[in-house]
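Chemist:
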Amino acid sequence: MNLARNFVENFPCFSIVLCMVAGILSTPIKGNHAKRITLLVVILVTCMSAATFLYVASTGTSFVYTMGKYPAPWGNEIRAGVLETMLATVFSLVMLFSLLGGMDHVFKDIPEEKINLYFILVDLLLSSLLAIIYTNDLFTGYVFVEINTIAACGMIMIRKIGRSLVAATRYMVMSLIGSGLFLIGLAMLYDITGHLLMENAHLVMNQLVQEGKYSVPLLVIISFITVGLAIKSGLYPFHSWMPDAYGYSTVSSSSILSSLVSKSYIILLIKIFYRVIGFDNIVNSKIVDVLFVFGLAGMVMGSVGAIMAKDIYRMIAFSSVAQIGYVYMGIGLETEAGMVAAIFHILTHAITKSLLFLAAKGLNNVSGRKRVFYALQGSAFRNPLAGVAFLVGSLSMVGIPMLSGFISKLLFATAALGAAREKVLITLIVLAVSTILNAIYFLHTVVRIYTPVHVPEEFKNVHVRVSKGAALAVFSLICMNFILGLLSQPITDLIQVGIAMFA
Amino acid sequence: MGPNLWANIDEVAAVILFGIGFTTLLLHKNMIKKIIGLNIMDTAVYLFLAAMGYVDNRLAPIVENGVTDVDAYINPIPSGLVLTGIVVSVSVTALMLSLTIRLYRKYHSLDLDEILIRMQKEELT
Numbered sequence: 001m002n003l004a005r006n007f008v009e010n011f012p013c014f015s016i017v018l019c020m021v022a023g024i025l026s027t028p029i030k031g032n033h034a035k036r037i038t039l040l041v042v043i044l045v046t047c048m049s050a051a052t053f054l055y056v057a058s059t060g061t062s063f064v065y066t067m068g069k070y071p072a073p074w075g076n077e078i079r080a081g082v083l084e085t086m087l088a089t090v091f092s093l094v095m096l097f098s099l100l101g102g103m104d105h106v107f108k109d110i111p112e113e114k115i116n117l118y119f120i121l122v123d124l125l126l127s128s129l130l131a132i133i134y135t136n137d138l139f140t141g142y143v144f145v146e147i148n149t150i151a152a153c154g155m156i157m158i159r160k161i162g163r164s165l166v167a168a169t170r171y172m173v174m175s176l177i178g179s180g181l182f183l184i185g186l187a188m189l190y191d192i193t194g195h196l197l198m199e200n201a202h203l204v205m206n207q208l209v210q211e212g213k214y215s216v217p218l219l220v221i222i223s224f225i226t227v228g229l230a231i232k233s234g235l236y237p238f239h240s241w242m243p244d245a246y247g248y249s250t251v252s253s254s255s256i257l258s259s260l261v262s263k264s265y266i267i268l269l270i271k272i273f274y275r276v277i278g279f280d281n282i283v284n285s286k287i288v289d290v291l292f293v294f295g296l297a298g299m300v301m302g303s304v305g306a307i308m309a310k311d312i313y314r315m316i317a318f319s320s321v322a323q324i325g326y327v328y329m330g331i332g333l334e335t336e337a338g339m340v341a342a343i344f345h346i347l348t349h350a351i352t353k354s355l356l357f358l359a360a361k362g363l364n365n366v367s368g369r370k371r372v373f374y375a376l377q378g379s380a381f382r383n384p385l386a387g388v389a390f391l392v393g394s395l396s397m398v399g400i401p402m403l404s405g406f407i408s409k410l411l412f413a414t415a416a417l418g419a420a421r422e423k424v425l426i427t428l429i430v431l432a433v434s435t436i437l438n439a440i441y442f443l444h445t446v447v448r449i450y451t452p453v454h455v456p457e458e459f460k461n462v463h464v465r466v467s468k469g470a471a472l473a474v475f476s477l478i479c480m481n482f483i484l485g486l487l488s489q490p491i492t493d494l495i496q497v498g499i500a501m502f503a
Numbered sequence: 001m002g003p004n005l006w007a008n009i010d011e012v013a014a015v016i017l018f019g020i021g022f023t024t025l026l027l028h029k030n031m032i033k034k035i036i037g038l039n040i041m042d043t044a045v046y047l048f049l050a051a052m053g054y055v056d057n058r059l060a061p062i063v064e065n066g067v068t069d070v071d072a073y074i075n076p077i078p079s080g081l082v083l084t085g086i087v088v089s090v091s092v093t094a095l096m097l098s099l100t101i102r103l104y105r106k107y108h109s110l111d112l113d114e115i116l117i118r119m120q121k122e123e124l125t
């Protein structure tokens, strides 16, 4: 029994290494084989993450895995608690479904000799996502943040059209600015604490705060790290790269990028807030108020951008800007309930946004590959599965009961009531306004795709061939949406337990 | 303020360089200059780390002549971080340069604004 337990504790490290090995193995082989290896690895990682999750949930404590058995404060560590393992499981599932759902397009959009490169990027992306989620060491976090950025940029630029090149460039510039700030923040943090492991840095940090030392550098560090990661995750004024990057890359890339990559930075930020700087110190530094204001602005401006958007992908991409705004608003409420809501929304958005991108691609396929709204009229009848998927995704984002988006909004509203007094009213008002705006553009699109039209000659002979994998992916994402919506109580409880384990 | 500033002159220089690199990366229109800005910014961080890790009158952290006393050597971790950081910035620079080459081949310009204009024109035609 003990042996089995020890074995499970290796899984987080295994899964990170496995992805990297898969990336290396995929280098010399053909695209088709690389695809199989990648899918196999993603499934294995999902199983291992789920097993670790069950293990951690049953023991009720987190565990630390020391790399190479060098003890703290010298060695490098991986740490797995309920929250980390749950996020890893959901993320790898979403990755699997995004890949399955967009697989046909990967082979269409990308030149044949580059397909294995695409899967290498996917492997590296998954390994860096997992490493960011699990790591207990700040500098390791930075290195994997950069690997994540490079892989994501490659996934945008691998489709050789002008738009995606420009989008990749803008993404890269914004990301590098964010990483630069994050790196100098880390360098300063190391200078005043002398540690890179989160726990040790946290101990020194508490001591410094109690003695009132280094208060100005501490503020600078907190702002550099927070602003750097916020820029990387695309918080409102820094979102300009998002619509093109998500709108013009191949559909698997856009759903992985929007639902996972930008979230991983937020998760790292939350980890640093709790495990390094301490949430009380963060609240005292007032930096969360800045996040709160920009989050609120993003919630409204993202939705306005989505209403103005002329094509369906840009609309969904702008909706991501709004959803990132929700998450930062939740963090900015300065309460644990707000943080739980933010993390729940990360899960909701990961599942829903990938579903929406896959559905939009399905609708676009049966409309002569036109992305403008008028061409999509009645497309839900031509591709029923994509229609239903888009409907479910939209309703979830708008916040209809039974779906996960409703629970997110409910959690945000409840958390807002428990926040500082000056934040209550403004949060509720912006939440309501943003919901109405969401409803305007999503339901408008739903109505349009379900408006019957006389089928134009050119589409009559279009055969909708949905591969089994894609259908399975879309169906599973719909189910996950319902699961998150109907079983919200145990999940929020788990998130609470996970946050408690952070301390 | 004065003596403190003088004692930490390396760090001050590093932060000024960081600012120069940061603004160049953010505001310059030319891709190559952006990349130069990126490298200045990253190098500034390495200068900062190296300056903080250095202790006067101590040796590089390589055991020599059997001296194993900790006080004889400087802190090796910042140097390790600098090495890792250099690897990261080299790969990022390579990626940016390859993007620049592709953009130049497609739009015959290094100016990001010009590229955006040409991209939109191309789509209209």
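Taken in order, these protein sequences are the chains called A and B. Letter 189 of the first sequence, counting from 1, is numbered 189 in our numbering, and no numbers are missing. Letter 105 of the second sequence, counting from 1, is numbered 105 in our numbering, and no numbers are missing. Cβ coordinates follow ideal geometry from the N, Cα and C atoms, glycine included.
For residue 205/A and residue 278/A, which I take to be in contact (beta-carbon distance under 8 Å), what is that distance rounded to the nearest angstrom?
Modeler: One-based indexing of the first sequence puts residue 205/A at position 205. One-based indexing of the first sequence puts residue 278/A at position 278. Right, the Cβ-Cβ distance comes to about 6 Å (below 8 Å), so this counts as a contact.
Chemist: Of the residues that make up the segment 166 to 200 of chain A, which ones have a beta carbon closer than 7 Å to any beta carbon in chain B?
Modeler: Per Cβ criterion, the list reads 166, 168, 169, 172, 173, 176, 177, 180, 183, 184, 187, 191.
Chemist: Give me the Cβ distance between residue 225/A and residue 182/A, rounded to the nearest whole Å; I'm assuming they're in contact under 8 Å.
Modeler: Along the first sequence, read from residue 1 onward, the residue named residue 225/A stands at position 225. Along the first sequence, read from residue 1 onward, the residue named residue 182/A stands at position 182. Between residue 182/A and residue 225/A the Cβ distance is about 6 Å, and since that is below 8 Å, they are a contact.
Chemist: Quick check: is any heavy atom of the ligand COA less than 7 Å from the C-beta of residue 11/B?
Modeler: The model on display carries no ligand, and the ligand COA is accordingly not part of it.
Chemist: Would you decide whether residue 77/A is buried or exposed? Buried here means 16 or more other CB atoms lie within 10 Å of its CB.
Modeler: As a first step, residue 77/A must be located in the first sequence, where it is residue number 77. Buried.
Chemist: Mind checking the segment 107 to 123 of chain B against chain A and listing, in chain order, the residues whose C-beta falls within less than 9 Å of any C-beta there?
Modeler: If the cut-off is 9 Å between Cβ atoms, the segment 107 to 123 of chain B has 107, 112, 115, 116, 118, 119, 122, 123 near chain A.
Chemist: So residue 395/A packs on residue 307/A, CB below 8 Å; how close in whole Å?
Modeler: Position 395 of the first sequence, counted from the first residue, corresponds to residue 395/A. Position 307 of the first sequence, counted from the first residue, corresponds to residue 307/A. That pair is no contact at about 18 Å.
Chemist: What do you reckon, are the CB atoms on residue 40/B and residue 16/B nearer than 8 Å?
Modeler: Counting from one through the second sequence, the residue named residue 40/B turns up at place 40. Counting from one through the second sequence, the residue named residue 16/B turns up at place 16. For residue 40/B and residue 16/B, no; Cβs fall outside 8 Å.
Chemist: Run the CB neighbour count on residue 19/A, radius 10 Å, all protein chains shown included, and call it buried at 16 or more, exposed below.
Modeler: Numbered from 1 along the first sequence, position 19 holds the residue referred to as residue 19/A. Per the 10 Å Cβ criterion, buried.
Chemist: Of the residues 303/A, 326/A, 331/A, which one's Cα is nearest the Cα of residue 318/A?
Modeler: To locate residue 318/A, count along the first sequence from 1; it is residue 318. Here the closest residue by C-alpha is 303/A.
Chemist: Tell me where the beta strand (DSSP E) around residue 65/A begins and ends.
Modeler: For this step, residue 65/A is matched to residue 65 along the first sequence. Residues 63 to 66.
Chemist: Using only CA atoms, which one of 423/A, 265/A, 39/A lies nearest to residue 289/A?
Modeler: As a working mapping, residue 289/A is identified with position 289 in the first sequence. Taking only the C-alpha atoms, the option nearest residue 289/A is 423/A.
Chemist: Against chain B, which members of the segment 125 to 152 of chain A pass a CB distance test of less than 9 Å?
Modeler: For the segment 125 to 152 of chain A, which is checked against every Cβ of chain B, the residues closer than 9 Å are 139, 142, 143, 146, 147, 149, 150.
Chemist: Beta-carbon within less than 7 Å of residue 282/A's beta-carbon, same chain only, minus the 5 sequence neighbours each way: which residues are those?
Modeler: Counting from one through the first sequence, the residue named residue 282/A turns up at place 282. Around residue 282/A: 222, 273, 288.
Chemist: Name, please, each residue of chain B whose Cβ falls closer than 8 Å to the Cβ of residue 242/A.
Modeler: Counting from 1 along the first sequence, the entry for residue 242/A is found at position 242. Neighbours of residue 242/A on chain B: none; closest Cβ ~16 Å, over 8 Å.
Chemist: Which chain A residues sit within Cβ distance under 8 Å of residue 84/B?
Modeler: Position 84 of the second sequence holds residue 84/B. Those are 139, 143, listed as they occur along chain A.
Chemist: Leaving out the 5 sequence neighbours to the left and right, which residues in its chain are closer than 6 Å to residue 265/A when beta-carbon positions are compared?
Modeler: Mapped onto the first sequence, residue 265/A falls at position 265. Result list for residue 265/A: 229, 232, 233, in chain order.
Chemist: So for residue 12/B, helix, strand or coil by DSSP?
Modeler: In the second sequence, the residue the question calls residue 12/B occupies position 12. Helix at residue 12/B.
Chemist: Counting contacts by CB-CB distance shorter than 8 Å, is residue 91/B in contact with chain A?
Modeler: Counting from 1 along the second sequence, the entry for residue 91/B is found at position 91. Cβ-Cβ to chain A under 8 Å: yes for residue 91/B.
Chemist: At which residue ranges does the segment 432 to 482 of chain A contain complete alpha helix (DSSP H) runs of 4 or more residues, listed in the order of the chain?
Modeler: The qualifying runs are 457 to 460.
Chemist: What is the DSSP secondary structure of residue 30/B, counted as helix, strand or coil?
Modeler: By 1-based counting over the second sequence, the position of residue 30/B is 30. It is a strand residue.
Chemist: In terms of alpha-carbon separation, which member of 467/A, 139/A, 197/A lies closest to residue 179/A?
Modeler: If you number the first sequence from 1, residue 179/A lands on position 179. It is 139/A whose Cα lies nearest to the Cα of residue 179/A.
Chemist: Keeping to the same chain, check which residues put their C-beta closer than 7 Å to that of residue 442/A; ignore five residues upstream and five downstream.
Modeler: Along the first sequence, read from residue 1 onward, the residue named residue 442/A stands at position 442. Within the same chain, residue 442/A has close Cβ partners 394, 397, 398.
Chemist: From which residue to which residue does the beta strand (DSSP E) around residue 80/A run?
Modeler: Within the first sequence, the letter at position 80 stands for residue 80/A. Counting along the chain, the beta strand (DSSP E) containing residue 80/A begins and ends at 77 to 80.
Chemist: When burial is assigned at 16 or more other CB atoms within 10 Å of the CB, is residue 153/A buried or exposed?
Modeler: Here the question's residue 153/A lines up with position 153 in the first sequence. With 16 or more other Cβ atoms within 10 Å, it is buried.
Chemist: What are the start and end residues of the alpha helix (DSSP H) that includes residue 320/A?
Modeler: Mapped onto the first sequence, residue 320/A falls at position 320. That run of the alpha helix (DSSP H) goes 312 to 332.
Chemist: Opposite residue 104/A in the DSSP bridges: which residues?
Modeler: Sequence index remark: in the first sequence, residue 104/A carries index 104 (1-based). In the DSSP output, where bridge partners are listed per residue, residue 104/A has none listed.
Chemist: On the CB-based measure, 16 or more other CB atoms within 10 Å of its CB, does residue 501/A come out buried or exposed?
Modeler: Taking the first sequence and counting its residues from 1, the one referred to as residue 501/A is at position 501. With 16 or more Cβ atoms within 10 Å of its Cβ, residue 501/A is classed as buried.
Chemist: Under 9 Å Cβ-Cβ, which residues of chain B neighbour residue 68/A?
Modeler: Here residue 68/A corresponds to residue number 68 of the first sequence, with the count starting at 1. The contacting residues do not exist; residue 68/A stays about 15 Å from chain B at best.
Chemist: So if I threshold CB-CB distances at 8 Å, which residues from the segment 18 to 42 of chain B count as touching chain A?
Modeler: Under the 8 Å Cβ criterion, the segment 18 to 42 of chain B contributes 18, 21, 22, 25, 26, 31, 34, 38, 41, 42.
Chemist: If we define contact as Cβ-Cβ less than 8 Å, is residue 70/B a contact residue for chain A?
Modeler: Numbered from its first residue, the second sequence carries residue 70/B at position 70. No - not a single Cβ of chain A is within 8 Å of the one on residue 70/B.
Chemist: Since residue 403/A and residue 388/A should fall inside the 8 Å C-beta cutoff, what is the C-beta to C-beta distance between them, to a whole number of angstroms?
Modeler: Here residue 403/A refers to the residue found at position 403 when the first sequence is read from its first residue. Here residue 388/A refers to the residue found at position 388 when the first sequence is read from its first residue. The pair is not a contact, with the Cβ atoms about 13 Å apart (cut-off 8 Å).
Chemist: With DSSP run on the structure shown, which of helix, strand or coil describes residue 111/B?
Modeler: As a first step, residue 111/B is located in the second sequence; it is residue number 111 there, counting from the start. Note: residue 111/B maps to strand in three-state DSSP.
Chemist: Can you list, in chain order, the residues of its chain whose CB lies under 6 Å from that of residue 503/A, leaving out five sequence neighbours each side?
Modeler: By one-based count along the first sequence, residue 503/A stands at place 503. So no residue of the chain qualifies.
Chemist: Taking 8 Å as the threshold (beta carbon to beta carbon), is residue 155/A in contact with chain B?
Modeler: Residue mapping note: residue 155/A aligns to position 155 of the first sequence, counting from 1. It does not: the Cβ of residue 155/A has no partner Cβ on chain B nearer than 8 Å.
Chemist: Would you say residue 512/A lies against chain B (beta-carbon separation less than 8 Å)?
Modeler: Any question about residue 512/A goes unanswered here, given that chain A covers just 1 to 503.
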